[in-house]
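J.: First the structure, which I've put down as structure tokens, then a few questions once you've had a look.
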Amino acid sequence: MAMSCVNKQNLLAVALVINRSRDGPAFVFHYPPNVLPVNNSPTAADGADPDDVSLDRLHAIRDGSSEALKAHRHHDDLLMAESGAQTVPWERLAGFPTRDLAGILTPARSYHKKLFQLSLDPLLCISYPIHVPENGRWKRVRKVDKLRSASASKMPDEHETEQQQTSPPAPKPSESVRDREVSKKDEADDEKRSSMTMFNLVFILNPKKNEVKDLVDALYGNVVKKVNKAYRYSQQHSDFVWKESKRILAAKEKAREDVHAALDILS
1 MAMSCVNKQN LLAVALVINR SRDGPAFVFH YPPNVLPVNN SPTAADGADP
51 DDVSLDRLHA IRDGSSEALK AHRHHDDLLM AESGAQTVPW ERLAGFPTRD
101 LAGILTPARS YHKKLFQLSL DPLLCISYPI HVPENGRWKR VRKVDKLRSA
151 SASKMPDEHE TEQQQTSPPA PKPSESVRDR EVSKKDEADD EKRSSMTMFN
201 LVFILNPKKN EVKDLVDALY GNVVKKVNKA YRYSQQHSDF VWKESKRILA
251 AKEKAREDVH AALDILS
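First residue of the sequence shown? That's 1 in the UniProt record's numbering, and the numbers climb one at a time after it.
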């Protein structure tokens, strides 16, 4: 019953946004791939007269003021923006540039594992952002590793101390090898810390005024939190979100270059 209020009209899309400490926010993908701008004119369900609604829509089409008419698909599968610039289809979501959405859908750490809501009239975005732990590493430290670390930090007893005093010192070359190994490990850890710092799976809604609370409550408790927690588990255990995000971003960049290269040949 709780999910009965969710339908194709009020749940428009899902989008993944990540943040990187070096390169900043990135809009990874959205589904479905083509989401048209939403007309925020009143509907009969909101209490408006059906005849008035029909007239409003006719005027919008006649005047060309409908948002859906401001961006139309070109024969080369590009979108013509208002400025006349050509952009590939996946760089817009419901009429909004994904470059701009990437920034505003990257909440601060204070929203970590909390409900995040953003209104993009008439749309509403909700999510459950996941930030990297304070130590900068997604992978959890296993209990076995903690025990080993604790045992290694203990002071040696008197018998061990006597053996260390009588045994000859280790040769310096082996120490330098060990130092290099530690240095490589530190560099690898730094690389892990400098990659993805947050991911945010966002649900884009188009709710009616009288269904906002029920829709948000139903989706947030039953879907949004659970899916982001599943992503968090996969990220902690296999670096899944970051690896797949890099793949998708690289594929999008290559496709963009291919499209513009084809245009250069035709022009």
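Using N, Cα and C, we set each Cβ at its ideal position, and we do this for glycine too.
Using alpha carbons as the reference points, say which of Q236, G136, A13 and D121 lies closest to S127.
T.: Taking the sequence shown and counting its residues from 1, the one referred to as residue 127 is at position 127. When only C-alpha atoms are compared, the closest one is A13.
J.: Alpha helix (DSSP H) containing N228: first to last residue?
T.: Numbered from its first residue, the sequence shown carries residue 228 at position 228. Element bounds for N228: K225 to S238.
J.: Which one of S110, R140, K139 and P122 has the shortest CA to CA distance from P129?
T.: Counting from one through the sequence shown, the residue named residue 129 turns up at place 129. Of the candidates S110, R140, K139 and P122, the one whose C-alpha sits nearest the C-alpha of P129 is S110.
J.: If you draw a straight line from the alpha carbon of S194 to that of K254, how long is it in whole angstroms?
T.: Numbered from 1 along the sequence shown, position 194 holds the residue referred to as residue 194. Numbered from 1 along the sequence shown, position 254 holds the residue referred to as residue 254. Because S194 carries a pLDDT of 48, less than 50, the predicted location of this residue cannot be relied on, and the following value inherits that uncertainty. Rounded to whole angstroms, S194 to K254 spans 24 Å at the Cα level.
J.: Taking all protein chains shown into account, decide if I204 is buried (16 or more other Cβ within 10 angstroms of its Cβ) or exposed.
T.: Working through the sequence shown from its first residue, we reach residue 204 at position 204. I204 is buried by the Cβ-count criterion.
J.: Are there 16 or more other CB atoms within 10 angstroms of the CB of Y31, so buried, or fewer, so exposed?
T.: Along the sequence shown, one-based indexing puts residue 31 at 31. Exposed.
J.: Is V132 helix, strand or coil when you go by DSSP?
T.: On the sequence shown, residue 132 is found 132 positions in, with the first residue counted as 1. Residue state, collapsed to three classes: coil.
J.: Roughly how many angstroms separate the alpha carbons of C125 and P89, rounded to a whole number?
T.: Start at 1 with the first residue of the sequence shown, and residue 125 comes out as number 125. Start at 1 with the first residue of the sequence shown, and residue 89 comes out as number 89. If you take the alpha carbons of C125 and P89, they lie about 21 Å apart.
J.: Over what stretch of residues does the beta strand (DSSP E) that includes V17 continue unbroken?
T.: In the sequence shown, residue 17 corresponds to position 17, counting from 1. Taken as a continuous stretch (DSSP letters only), the beta strand (DSSP E) holding V17 covers L11 to R20.
J.: According to DSSP, which residues form a beta bridge with I204?
T.: If you number the sequence shown from 1, residue 204 lands on position 204. In DSSP, I204 forms a bridge with A13 and C125.
J.: Work out the CA separation of V259 and M198 for me, nearest whole Å.
T.: As a position in the sequence shown, residue 198 is number 198, starting the count at 1. As a position in the sequence shown, residue 259 is number 259, starting the count at 1. Each residue's alpha carbon lies about 30 Å from the other.
J.: What's the gap between the Cα of D23 and the Cα of D239?
T.: As a working mapping, residue 23 is identified with position 23 in the sequence shown. As a working mapping, residue 239 is identified with position 239 in the sequence shown. Going by the C-alpha atoms only, they are around 18 Å apart.
J.: Apply the 10 Å Cβ neighbour rule to I104 and answer buried if 16 or more other Cβ atoms are within range, or exposed otherwise.
T.: If you number the sequence shown from 1, residue 104 lands on position 104. By the 10 Å Cβ count, I104 comes out exposed.
J.: I need the boundaries of the beta strand (DSSP E) containing G24, first residue and last residue.
T.: Numbered from 1 along the sequence shown, position 24 holds the residue referred to as residue 24. First-last of the beta strand (DSSP E) with G24: G24 to Y31.
J.: Spell out the partners DSSP gives S119 in its beta bridges.
T.: To locate residue 119, count along the sequence shown from 1; it is residue 119. L124, per the DSSP bridge assignment.
J.: Reducing DSSP to helix, strand and coil, say where R92 ends up.
T.: Walking along the sequence shown from the start, residue 92 turns up at place 92. Residue state, collapsed to three classes: strand.
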